[in-house]
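Taking it in order: structure first as structure tokens, then the write-up.
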Ligand SMILES: CC(=O)SCCNC(=O)CCNC(=O)[C@H](O)C(C)(C)COP(=O)(O)OP(=O)(O)OC[C@H]1O[C@@H](n2cnc3c(N)ncnc32)[C@H](O)[C@@H]1OP(=O)(O)O
């Protein structure tokens, strides 16, 4: 079950492996001048895939994304970090929890932006599902 908006903000520290860290850029803004959700989703998908392909020891593709809530706007120039925890490994699938955190550079304070489940499937060179333990 997905965490509620409040549950998500209760946890003061990131969980999982730091898989991706970047800066939000002006090109990624919405009409309000903040970063648009699609950019964050893209970063999360990449971060989850980085960890999933390590687990799968090869190529993966995204098969499902869970529901998400965005807790606060991300400004341009923010240091954005994606942390990934592997929740479950099936025959060919890897379920990950991807958390997005923003670091306030002046104080070092961390604030969670969002989190979501991303499910990947190990695939072969033809894009067909392959069992994870077969490399
Ligand atoms: C459309 C896009 O461009 S989205 C962006 C990139 N993603 C893609 O292109 C993926 C497009 N989808 C596909 O190519 C295919 O659906 C594949 C290769 C991911 C899976 O093919 P399928 O024939 O459906 O595989 P299959 O039914 O064997 O399921 C494979 C695994 O995925 C899991 N799975 C399939 N659908 C879902 C789902 N909606 N949610 C969670 N897990 C799922 C299955 O439980 C199974 O897990 P397991 O092997 O660990 O038990």
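Residue numbers (UniProt numbering): 1 to 135. Quick reminder that beta carbons are idealized off the backbone N, C-alpha and C, glycines included. Since the model is a prediction, treat every value here as computed from it, not as a measurement.
Note that the C-beta distance between residue 51 and residue 96 is below 9 Å. The stretch 105-113 makes no contact with the stretch 43-62, as fewer than three CB pairs between them are under 8 Å. With respect to residue 62, residue 45 sits close: the two C-beta atoms are nearer than 9 Å. Where residue 44 is concerned, the enclosing alpha helix (DSSP H) starts and stops at 37-56. Residue 132 sits in a helix when the DSSP states are folded into three classes.
Listed in chain order, the non-local C-beta contacts of residue 65 below 8 Å within the same chain comprise 41, 45, 116, 117, 118, 119, local neighbours out to five positions each way being set aside. Straight-line measurement puts the Cα of residue 55 at about 12 Å from the Cα of residue 84.
Applying a distance threshold of 6 Å between residue Cβ atoms and the heavy atoms of ligand 1 selects 61, 62, 63, 64, 90, 91, 92, 93, 119, 121, 123, 127, 129, given in chain order. Within the same chain, 95, 97 come within 6 Å of residue 87 by CB-CB distance, once the 5 residues on both sides are set aside.
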